[in-house]
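Okay, structure first, notes after.
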Amino acid sequence: MTSPQRPLGSRDRYGSDVLATDWRAPARGRATEHSADHGLVVEEVTTDWCGEIVAVDRDLRTVTLEDRRAKRRTFPLGPGFLLEGRPVILTPPVTRPAPAKRTHTASGSIAVHDAKARVARASRIFVEGRHDAELVEKVWGDDLRIEGVVVEYLGGVDDLAHHLTDFRPGPDRRVGVLVDHLVRGSKESRIAASIARSPVGKDVLIVGHPFVDIWQAVKPARLGLPGWPEVPRSEEWKKGVCQRLGWPHRDQADIARAWRHILGGVRGYQDLEPELLGRVEELIDFVTAPSPGRPA
Numbered sequence: 024m025t026s027p028q029r030p031l032g033s034r035d036r037y038g039s040d041v042l043a044t045d046w047r048a049p050a051r052g053r054a055t056e057h058s059a060d061h062g063l064v065v066e067e068v069t070t071d072w073c074g075e076i077v078a079v080d081r082d083l084r085t086v087t088l089e090d091r092r093a094k095r096r097t098f099p100l101g102p103g104f105l106l107e108g109r110p111v112i113l114t115p116p117v118t119r120p121a122p123a124k125r126t127h128t129a130s131g132s133i134a135v136h137d138a139k140a141r142v143a144r145a146s147r148i149f150v151e152g153r154h155d156a157e158l159v160e161k162v163w164g165d166d167l168r169i170e171g172v173v174v175e176y177l178g179g180v181d182d183l184a185h186h187l188t189d190f191r192p193g194p195d196r197r198v199g200v201l202v203d204h205l206v207r208g209s210k211e212s213r214i215a216a217s218i219a220r221s222p223v224g225k226d227v228l229i230v231g232h233p234f235v236d237i238w239q240a241v242k243p244a245r246l247g248l249p250g251w252p253e254v255p256r257s258e259e260w261k262k263g264v265c266q267r268l269g270w271p272h273r274d275q276a277d278i279a280r281a282w283r284h285i286l287g288g289v290r291g292y293q294d295l296e297p298e299l300l301g302r303v304e305e306l307i308d309f310v311t312a313p314s315p316g317r318p319a
């Protein structure tokens, strides 16, 4: 038996299915938790007070609202607020702990927080090139600033004697020099020996590492390499390395990009070979040691 049809135009007071929707849901939606962050504008539903959150008391669990006339009222945290027309349950804002201060510098030294850089000493550390200077700065920069030591790059060691003549080293103007490929019989070793015998030799300390270039002082494993490629002496070392690693090497801009990649992989002293670490520390000690009869 079929049910009688309703006349056209008549209205169904109860709808087609009263259980098809959540008839218990509030008209504005269900309340959700929201952090009571400063600057948030909310409305308290029982008083219609609308204002910006200007204070939250965690102990009393209250929130203070300031309206557009700069008047303030305090309410309990929790339900009973509207945010952009939707009900929210205000909760205390999450406090984020301050980032932990470093305990050590990149060189492994004890970090000295809030220390001002010392006025630069007259003494200097010379390195061969820009890449050497940038690596020393990245790892020992904090220590050098505290000690007041300036690092300068020479653009090669061939003219070291002329640089020293211009600088005029002395007991209060010591010079430490870091040299690449300082091995027996090399050009670098002959230059170092000549300066050591000169009148300024006692105020100049030249030390070096065995690597052809400062790039090799970075542990290859840090860059995901099993080792640095072997490059014949007849080739320019940096270009030869880039070529064998499949890196662009057409011009100086490519070499500079390769160095940025290498330097970016250095986090601190742990990523450098010990043959370099000891030499730089030796230079810092030399140029910061007090002169005879004078305090540091």
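End of the sequence shown = 319 in our numbering, gap-free, step of one.
Positions of the beta carbon are idealized from the N, C-alpha and C atoms, including for glycine.
Since we're looking at a predicted model, the values are computed, not measured.
Between the alpha carbons of Val200 and Leu246 lies a distance of about 28 Å. The segment 185-226 is shown to contain whole alpha helix (DSSP H) runs of 4 or more residues at 210-219, in chain order. If you draw a 10 Å sphere on the C-beta of Leu248, you find fewer than 16 other C-beta atoms in it, and that means exposed. Counting along the chain, the unbroken beta strand (DSSP E) around Pro110 starts and ends at Arg109 to Thr114. Taking the Cα positions, Leu205 is about 6 Å away from His232.
Contact between Leu158 and Leu286 is confirmed by a C-beta separation of about 7 Å, below the 8 Å threshold. Rounded to whole angstroms, the gap between the alpha carbons of His284 and Gly179 is 23 Å. Annotated as distal: Ala54 and Val117, with beta-carbon spacing of 9 Å or more.
Taking C-alpha positions only, Leu106 is separated from Ala281 by approximately 52 Å. Residue range Gly101 to Leu106 is occupied by the beta strand (DSSP E) that includes Leu106. If you check the CB distance, Val86 and Pro99 come in under 9 Å. The continuous alpha helix (DSSP H) containing Thr311 extends over residues Pro297 to Thr311. Listed in chain order, the non-local C-beta contacts of Gly193 below 7 Å within the same chain comprise Asp226, local neighbours out to five positions each way being set aside. Under the three-state reduction of DSSP, Arg96 is assigned to strand.
According to DSSP, residue pairing for Phe149 in a beta bridge involves Glu175 and Val200. For Phe309 and Asp181, the gap between their C-alpha atoms comes out near 23 Å.
In the DSSP secondary-structure assignment, Glu89 is bridged to Glu75 and Arg95. Rounded to whole angstroms, the gap between the alpha carbons of Ala240 and Glu298 is 8 Å. In this structure, the CA atom of Glu66 is about 10 Å from the CA atom of Ile76.
In this structure, DSSP gives Leu228 an extended state, which the three-state scheme calls strand. DSSP, read as helix, strand or coil, puts Asp155 in helix. Annotation: the continuous beta strand (DSSP E) that includes His57 extends over Thr55 to Ser58.
With a cutoff of 9 Å on beta-carbon distance, Leu167 and Val198 are scored as not near each other. The continuous beta strand (DSSP E) containing Val64 extends over residues Val64 to Glu67.
When the Cα atoms are used, Glu56 and Arg95 turn out to be separated by approximately 23 Å.
In the displayed model, Val254 falls within coil according to three-state DSSP, outside both helix and strand.
Look at Val235 here: in three-state DSSP terms it is coil, with no helix or strand label. In the displayed model, Asp80 falls within a strand according to three-state DSSP. Taking 9 Å as the cut-off, the Cβ atoms of Thr311 and Val172 count as close.
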